[in-house]
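Novice: Note that the protein sequences, when read in sequence, are chains F and R. Using numbering that gives the first Met the number 0, you'd call the opening residue of the first sequence number 0 and step up by one each time. Using numbering that gives the first Met the number 0, you'd call the opening residue of the second sequence number 0 and step up by one each time. All residues carry an ideal CB built from backbone N, CA and C; glycine is no exception. Note that this is a predicted model, so its numbers are computed, not measured. Questions regarding the structure given below will be posed in turn.
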Amino acid sequence: MATVVEEYFDALNRRGFQPALRHVGGTVRCDLVRGAQTDHWLVRIDRGRMSVSREYGPADCVIRTDEETFGRMVTGAVHPLIALMRGMAAIDGDEELILALQRMLPGPGDRPCPPSAAPAVGPAGSR
Amino acid sequence: MSGGTTKILDGSTFVLSDGSGDIDPGSTEPVGLFALDTRYLSTWVLTLDGERLHPLSIDDQFYFQNRFFLVASPPSVYIDAKLMVIRSRSVSGGFDEHLTVLNHQDEPVTVTLRIEVAGDFADIPDIWKGAAKKGHGYTRIEDSRLVVGYQREGYHRQTVVTVDRPARFDEHGLELTAELPPQGSWTAEIQVQCQVCGWGGAIVHLGHQWGDASRRTPEEMRDNLEDWTAGAPRLRCDWEPLARTYRRSLADLAALRFTPMLSPGQSLPAAGLPWYLCLTGRDSIVASLQALPFNAQLARTTLRILAARQGSRCDSFREEEPGRILHELRYGEVSAFEEMPYSPYFGSADATMLFVVLLDEYERWTGDGDLVRRLEDEARGALAWIDGYADRAGNGYVSYQPTDEDVGTANQGWKNSWDAISYRDGRLPGFPRATCELQGYAYDAKRRAARLAREFWNDTGLADRLEREAAELRERFNRDFWIADGEYFALALDGDGSRVDALSSNIGHLLWSDIVEVDKRAAVVRHLMGPRLFSGWGVRTLAAGETRYNPLGAHTGTVWPSDNALIAYGLRRCGYKAEAAQIAGSILDVAEFFGGSLPAAFAGYDRTFTRYPVRYPGSGSPQALPAATPLMLLRTMLGLHPHPEFLAVEPALPAGIGRIELLDIPTRWGLIDAFGRDRSQD
């Protein structure tokens, strides 16, 4: 059975072109510690076109963390900045790539967003 | 040992100490070495042979460096000091402290210098509470350095103290022995580094806009400040206080350049000392908007940094929503453990509209269409937020309602104190609250975005729609917010739709956004310049006579220079040149009383009553908004306006200023000179 992390990268790979990242280019390598070994995932962003491979190679930005924390980040349970501030993850290189990627992560799921930017229903007391 | 707080700063790092340079935990004012919203040193007290030192002079010419000239006994006309200590301190990823002891006697002397050291690692939002820490602190003596640290789970911060000569370290500080020949001197260099220990114990660098923060010298910082100042237009005028205010503004804005984590090499104005040396949406946007004709780089980085952190999901704790521009970002413990929502917090209703306004204004000055194209998605996201999430009452107006009033900000416009928005009779309105200036900003954002859509995004459909919506919003607004019997605009609409009828400075922002219909302008101007709002120094936040009016209340009667800069610009935009010049002149008069440095706010007393501006007690310095205010006032007095083909200059100067020349204004058409003369002298 695929892990949360495998599912995440698989979904990222299948997404293909991401309009929101069309100004972004570069490579991000995720070094994820799992027990005694480290898994490497290389994410390529070429003007919005995304592809993922399992390889160890040079990258513009490297994020290092453990598999569990990464899984919680990509499911919205841990905010990426919180992970950095609390020493749960480290980043090296072109840090702005991480900012671009983190905008595609889900929220904590306490308040699902409306499907589009159509006017939200006002809270109690609205007319 | 002496009263008053001295300060040095660079980005998010700053030191607040007493007049001897000591950080004394017994001080009544908050003191310490702070970085990334955390107090890395809460004690740093120097003694000479067990005695505290006393200042003769303090050199505070540069924002990043203090020099304290100290003697061992209290200064007195009866006792000549025989020893002098010069304590020179500059900020650099912590601070460097250079100690010099001078012996003015004909015999050798040996003295012991001791520095008490402690760090409580208090988080700035917690600083007044003295809250018990949930992690553990430690002090370690390692080889030739002292390490004071704090750890809570993986959150790990430490202060490292090193000295360039043999020192004796103990749990509470360090000692040095100085052997001084007759008429001789002795020196030591002490370095204090603030560190973030990240994953796997790696040291995370603190964000700085240039160079290696831990190795920058005061000489390099001086050169950088000179370059910064040289890049701004030169001001010549016949009123020296204005020249001084201008120099001070540029230096304060230089001091506040702040680089957030994950954006190395880019800096934007932090809101200000003492508690807001952090990334804030509104203050960074408004300050860089005010500074645009003088330095467009601040606006550029503000747009880029805020766009990269634009809301992308729904998170009720942070009040994040797709398209929303953040309000405040902090890196301290309460944020890291989500006890407070500043990681980042999105609870402001105006920053998103002002982001669009700034993007358009930036292009008008610089011609940088590339950035407008690059930020198209973010601008579209902001526009969608305005029409969608921000319309909380479903009535077509931007309004706000915090998720949790105890954690979030109740009032999410620039007047963000709890009692800032009230009825004439003092009642507070219900939520969601739609303050009037937010509607003006929304109108302005739509009109400006229509231009960007047409000229840069190749989307005339969007441009037409935005212009239609703006025209419709203006019409509705002028009907729904207008208080006919008083002839002014309501401060807000209550959640129940009632007009919140207090008379406030917010109506001045409506002129700036140009949402006021022509036949209502004269009445609005009459109120702004009338005795209830205009104190003689500036326009009060709330009119005298309202139930909650208090000349010392943060947003219920004080005068805010930055508020007045927008109002003066609005008057000018609507054709009220003389009124705009009067406000500009009176606010610049205030700056003169404060040595060229405007306070963020001052009391709303009548000028004829106090004849001296009374500082608002909560007002720190430097702060970005008051620092950028004189720049926008200069723009207003000179009538600078960027047209597509040229820069218009139509000066209207206040009484008392005969001539202003602003040379080498950086624009899309190259460097331009603007000349202003008092026409009444003709």
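Considering only their Cβ atoms, is the gap separating R/S534 from R/R614 smaller than 8 Å?
Specialist: Going by C-beta atoms, R/R614 is not nearer than 8 Å to R/S534.
Novice: Specify the secondary structure class of R/C313 as computed by DSSP and reduced to three states.
Specialist: Note: R/C313 maps to coil in three-state DSSP.
Novice: Measure how close the beta-carbons of R/D282 and R/A270 come, nearest whole angstrom, since I'm counting them as under 8 Å.
Specialist: At roughly 4 Å, the Cβ-Cβ gap stays under 8 Å, so R/D282 and R/A270 are in contact.
Novice: Pull up the distance between the alpha-carbon of F/R53 and that of F/V42, whole angstroms please.
Specialist: In a straight line, the C-alpha of F/R53 is about 9 Å away from that of F/V42.
Novice: With the cut-off set at 8 Å, would you say R/Y399 and R/P431 are in Cβ contact?
Specialist: The answer is yes: Cβ separation under 8 Å.
Novice: Can you look up R/M352 in the DSSP assignment and give me helix, strand or coil?
Specialist: R/M352: helix per DSSP, three-state reduction.
Novice: Suppose you measure from the CA of R/V648 to the CA of R/H640; what does that come to, to the nearest Å?
Specialist: Going by the C-alpha atoms only, they are around 7 Å apart.
Novice: When the Cα atoms are used, what is the spatial distance from F/R21 to R/A306?
Specialist: Between F/R21 and R/A306, the C-alpha separation is close to 15 Å.
Novice: Along the alpha helix (DSSP H) that carries R/F68, what are the first and last residues, could you check?
Specialist: Element bounds for R/F68: not the alpha helix (DSSP H) but the beta strand (DSSP E), Q64 to V70.
Novice: Measure the alpha-carbon distance for R/E468 versus R/T408 and round it to whole angstroms.
Specialist: Cα to Cα, R/E468 sits roughly 29 Å from R/T408.
Novice: Mind checking which residues open and close the beta strand (DSSP E) that includes R/I57?
Specialist: Note, R/I57: beta strand (DSSP E), H53 to F61.
Novice: Alpha carbon to alpha carbon, what distance is there between R/G412 and R/D683?
Specialist: Here chain R has residues from 0 to 681 only, and residue 683 of chain R is not among them.
Novice: State buried or exposed for F/I44, treating a residue as buried only when at least 16 other CB atoms are found within 10 Å of its CB.
Specialist: Result: buried.
Novice: Can you tell me whether DSSP reads R/D376 as helix, strand or coil?
Specialist: It is helical.
Novice: Mind reading off the beta-carbon distance from R/W364 to R/L291? Whole number of angstroms is fine, and I expect it under 8 Å.
Specialist: Yes, they are in contact, since the Cβ atoms of R/W364 and R/L291 sit about 5 Å apart, within 8 Å.
Novice: If we call anything under 8 Å between Cβ atoms a contact, is R/T37 one with R/R156?
Specialist: Yes. Within cutoff.
Novice: When the cut-off is 8 Å and only beta carbons count, does F/P57 lie next to chain R?
Specialist: Not an interface residue.
Novice: What did DSSP end up calling F/S50 once you bin it into helix, strand or coil?
Specialist: Reduced to three states, the DSSP call for F/S50 is strand.
Novice: What are the residues of the segment 263 to 275 of chain R that lie near chain F, defined by any Cβ-Cβ distance shorter than 8 Å?
Specialist: Residues P263.
Novice: Check distances from the C-beta atoms of the segment 142 to 154 of chain R to those of chain F and list, in chain order, the residues that come in under 8 Å.
Specialist: Cβ contacts with chain F come from E152, G153 and Y154.
Novice: Could you round the C-beta distance between F/A58 and F/G24 to whole angstroms and report it? I think they count as a contact, below 8 Å.
Specialist: That pair is no contact at about 13 Å.
Novice: Which chain F residues sit within Cβ distance under 9 Å of R/W668?
Specialist: Under the 9 Å cutoff, chain F gives no residues; its nearest Cβ is about 28 Å from R/W668.
Novice: Could you tell me the alpha carbon to alpha carbon distance between F/T68 and R/K6, rounded to whole angstroms?
Specialist: Each residue's alpha carbon lies about 40 Å from the other.
Novice: By a C-beta neighbour count over all protein chains shown, 10 Å radius and 16 as the cutoff for buried, is R/G460 buried or exposed?
Specialist: Result: exposed.
Novice: Give me the residue from R/P650, R/I114 and R/E239 with the minimum Cα distance to R/R572.
Specialist: Of the listed residues, the one whose Cα sits closest to R/R572 is R/P650.
Novice: State the Cα-Cα distance for the pair R/Q208 and R/R256, rounded to the nearest angstrom.
Specialist: Because R/Q208 sits at a pLDDT of 46, beneath the cut-off of 50, its placement in the model cannot be relied upon, and the following sentence gives the value as read from the coordinates. If I take the Cα positions, the gap works out to 8 Å.
Novice: Beta carbons nearer than 7 Å to chain R: which residues of the segment 13 to 41 of chain F have them?
Specialist: Those would be A19 and H22, in chain order.
Novice: Is the beta carbon of R/E377 less than 8 Å from the beta carbon of R/Q309?
Specialist: The answer is yes: Cβ separation under 8 Å.
Novice: In the DSSP assignment, find the alpha helix (DSSP H) that holds R/A647 and state where it starts and stops.
Specialist: Taken as a continuous stretch (DSSP letters only), R/A647 belongs to no alpha helix (DSSP H), being part of the beta strand (DSSP E) at L646 to V648.
Novice: By DSSP, does R/C435 sit in helix, in strand, or in coil?
Specialist: It is helical.
Novice: Which whole-angstrom value describes the C-beta separation of R/L532 and R/A542, a residue pair presumed to lie in contact below a C-beta threshold of 8 Å?
Specialist: Yes, R/L532 and R/A542 are in contact; Cβ-Cβ is about 5 Å, under 8 Å.
Novice: So, does the CB of R/D122 fall closer than 8 Å to a CB anywhere in chain F?
Specialist: For R/D122, the answer is no, since every Cβ of chain F falls outside 8 Å of its Cβ.
Novice: Name, please, each residue of chain F whose Cβ falls closer than 7 Å to the Cβ of R/W198.
Specialist: R63, T64, G86, M87, A88 and A89, listed in chain order.
Novice: Terminal residues of the continuous alpha helix (DSSP H) containing R/N477?
Specialist: T459 to D479 is the span of the alpha helix (DSSP H), which, as asked, contains R/N477.
Novice: At 3 residues or longer, what runs of the beta strand (DSSP E) sit wholly inside the segment 80 to 146 of chain R?
Specialist: Taking only runs of at least 3 residues, the beta strand (DSSP E) segments lying wholly in the segment 80 to 146 of chain R are 82 to 90, 93 to 102, 108 to 117 and 135 to 141.
Novice: Counting only runs of 4+ residues fully inside the segment 612 to 658 of chain R, write out the alpha helix (DSSP H) ranges in chain order.
Specialist: Listed in chain order, the complete alpha helix (DSSP H) runs (minimum 4 residues) inside the segment 612 to 658 of chain R are 623 to 637.
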